[in-house]
Structure formats: structure tokens, C-alpha cells
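Each remark here refers to the structure printed beneath this line.
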Amino acid sequence: MGDEVTGGPAGGLLVVGDVITDVVARHRGPLAARTDTAAVIRTLPGGAGANVACWAADAGCADVTLLARVGADAARWHERELLAAGVRPRLVVDPVAPTGTVICLVDGEAAAERTFLTSSGASLRLKPADWSERLLDGVARLHLSGYLLFAESSRALAGTALAAARARGVPVSLDPASAGFLARFGTDRFLRFAKQLDVLLPSRDEVCLLTGVSDWADAAAELSGLGPVVVAKSGAEGALVARSGEVSARVPAVPARPADSTGAGDAFTGAFLAALVAGAPAEAAAEWGCRAGARAVEHVGGRPPRPDDDGRAPPAP
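In terms of the UniProt record's numbering, the sequence shown opens at residue 1 and continues consecutively.
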């Protein structure tokens with residue numbers, strides 16, 4: 001399973017994941033409790049799955065489709081943003097829940113580290129009934145957002161999509177998405193699902209959490225012994241690729257001036273997947289990922305920068 005990590009030059013990418021409205025607040029220094037902290041605040045389109053799809057399109061993947069669930073409150077805004085980014089949206093409008101929202105608190109100091117406050121809203125209400133076998137027509141690769149595993153209905157949808165892809169011989173990748181959610185979900189449960197994947201793209205914290213190994217290279221090597229090729233990301237330390245229990249490549253980070261690290265991992269994943277669809281091996285694809293990650297941290301928000309991006313709040317539906 002883990003040896004099949006290249007797509008052909010023909011075919012598209014299907015991403016199943018989340019669309020989120022990001023409220024990004026950049027502040028300098030510590031937050032002041034019980035009073036005001038000055039910040040620059042922007043409302044931007046986000047969501048790990050949607051970000052990955054947009055970065056894949058930005059990296060040259062000509063056929064990118066996103067399946068996600070949104071609320072009626074911002075559905076048309078998110079659809080327009082995805083289309084403008086070159087992504088074909090397949091958005092299910094939830095009749096009850098609003099679009100998920102994340103408040104991103106970004107430290108404006110040199111590292112631009114961020115803290116998330118998350119209300120998943122409609123994003124985790126995807127269900128098997130939202131799936132169609134036709135979504136896989138012409139698809140070279142399927143990518144699943146790890147957030148799908150953290151709610152019963154979206155986890156069932158992820159299982160349905162994975163089984164359908166396996167039946168067609170379409171390779172499947174997944175990004176674990178969040179060390180915090182992953183710890184609450186349970187590493188054993190996650191690893192049972194991960195054994196069915198072709199590529200797993202954890203962060204440094206996630207790969208160490210999944211294995212209990214403190215050295216991220218050793219952790220990636222151990223995790224790759226379960227089956228999938230493991231591509232571990234570590235920001236300024238770059239990335240590494242592990243196959244069949246051994247590290248096969250270490251890829252250095254591209255120098256960047258951080259403004260906001262939100263979405264850097266998604267940028268890596270999207271560019272990495274675009275390279276696989278184009279026929280590159282995982283080791284070369286990781287170089288694409290590091291370049292995209294460097295671009296991502298140099299601007300505010302989780303999507304590729306656009307000339308018309310002014311950070312305005314979504315209009316009324």
C-alpha cells in the first residue's frame with residue numbers, strides 16, 4: 001500500500017474535508033487578561049481541507065474538487081472564494097448548523113505562532129449520504145482531512161470515501177490535522193484507520209504523539225512501518241519522508257519571514273499532493289511542499305495570496 005505514492009500526469013485531486021470561516025487576530029506580546037489587547041483582525045476563508053485544495057490548485061493541479069459541508073450563513077461566499085482559487089466546490093448546505101468558525105490568535109512576534117479557538121459547526125456534519133461514487137470519476141488521488149475522524153457522521157463518511165477509493169485503486173492520503181483532537185480521539189483508533197492509507201502527513205508533534213517516540217525522525221520511521229509512506233512536517237526544520245520503517249529523505253525548509261503560520265501545513269500538503277498528481281515521487285513532492293509552506297507563513301491567512309484579497313468579512317447570504 002505505502003509504495004504507491006505517485007499519481008499519473010492525468011487525473012484530478014479530490015479533497016474531502018472542512019470549510020471554515022477564519023477570524024485571524026494578530027497581536028504583539030502576551031494577551032492582557034481582563035482588558036484590551038491591540039490586534040489587527042481579518043475575516044478570511046479557511047478550513048484545513050479547503051486550504052489544501054486551494055494550495056493544490058495554486059501549485060498547478062488543474063482539476064481539484066472539494067467536498068465539504070457549510071451553513072447557509074456563508075455558503076455563497078465560500079463557494080465564490082473556492083472558485084476564485086481554482087477549486088471546484090461541492091458544498092453541502094447544512095439545514096441546521098452554521099458554517100464552522102475558528103478564531104486564530106496569532107502572536108505577531110518573530111515566530112508568528114498561533115492558537116485556535118474552534119467551533120466546528122457544519123464542517124463535521126458531513127455524512128455518508130453526502131458521498132457520491134461519481135466524485136471519484138477522473139480522480140488520481142483522494143485526500144481526507146483528519147478532522148473528519150473526530151465526529152461520528154464525518155468519520156463514517158471518511159470510511160465510505162476510503163473504501164470507494166480502495167475499490168477503484170485510487171491512492172488515499174490524510175493529514176491528522178490537530179495533535180489536540182488526535183490525543184482526545186485516541187492514537188490506537190487513529191492508527192487502525194491510518195493502516196489503510198497510502199500517505200500520512202503528520203506534523204512533528206503528531207508523529208511523536210502517534211508513536212510515543214520523542215525524536216521525530218525515529219517516530220516517522222516507526223510509523224511508516226505500519227504501511228503508509230509518512231511525510232512529517234516541522235516548519236522551520238523542513239520535512240522528512242519515511243518508507244517501510246526507514247527515513248528516505250530529509251528536505252530542508254525554505255527561508256521565510258513569518259507573518260502568520262496559519263495554514264502552513266495545509267500549504268505543504270496541497271503542493272505535495274499536486275506534485276504527486278503530476279507524477280513526482282514523495283521525496284521530490286516534499287520539496288514542493290516546503291516551498292509552499294514558506295510562502296504561506298509570509299502572509300496572513302491559510303490560503304494562497306491573491307491580488308484581490310482584502311480580508312473583508314463575508315457578505316450576507
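Just so it is clear, CB atoms sit at the ideal spot from N, CA and C, and this is done for glycine as well.
Given the structure is predicted, the values throughout are model-derived calculations rather than measurements.
Task: Terminal residues of the alpha helix (DSSP H) in which Cys54 lies - done: For the purposes of this step, residue 54 is taken as the residue at position 54 of the sequence shown. Start and end: Ala48 to Asp58.
- [ ] Would you mind sorting Asp266 into buried or exposed? The rule is 16 or more other CB atoms within 10 Å of its CB.
- [x] Position 266 of the sequence shown, counted from the start, is the residue given in the question as residue 266. Classification for Asp266: buried.
Task: Cβ distance (whole Å) where residue 319 is taken to contact Leu66 below 8 Å - done: Given that the chain is displayed from residue 1 to residue 317, the structure contains no residue 319 and the question cannot be resolved.
TODO: Please confirm whether residue 330 and Val251 have their CB atoms less than 8 Å apart.
DONE: It is not possible to answer for residue 330, since the shown part of the chain is limited to 1 through 317.
Task: Any 3 or more C-beta pairs closer than 8 Å across the region 181–190 and the region 142–150 - done: yes
TODO: Could you check which residue in Val207, Asp260 and Ala256 has the C-alpha nearest to that of Val241?
DONE: Along the sequence shown, one-based indexing puts residue 241 at 241. Ranking Val207, Asp260 and Ala256 by Cα distance to Val241 puts Val207 first.
Open item on the list: Can you tell me which residues form a DSSP beta bridge with Ser203?
Closed with: For the purposes of this step, residue 203 is identified with residue 203 of the sequence shown, where counting begins at 1. In DSSP, Ser203 forms a bridge with Lys233.
TODO: Compare the Cα-Cα distances from Ala158 to each of Asp18, Gly301, Pro305 and Gly11 and report the closest residue.
DONE: Sequence index remark: in the sequence shown, residue 158 carries index 158 (1-based). When only C-alpha atoms are compared, the closest one is Asp18.
Open item on the list: Quick check on Val96: does DSSP put it in helix, strand or coil?
Closed with: Position 96 of the sequence shown, counted from the start, is the residue given in the question as residue 96. Coil.
Open item on the list: Measuring alpha carbon to alpha carbon, tell me which residue in Gly279, Ala274, Pro281 and Ala285 is nearest residue 322.
Closed with: Residue 322 is absent from the model: the chain starts at 1 and stops at 317.
Task: Rounded C-alpha distance that separates Ser173 from Leu135 - done: Here the question's residue 173 lines up with position 173 in the sequence shown. Here the question's residue 135 lines up with position 135 in the sequence shown. Roughly 16 Å between the two C-alpha positions.
Task: Stretch pair the region 56–65 + the region 27–37: three plus CB contacts closer than 8 Å - done: no
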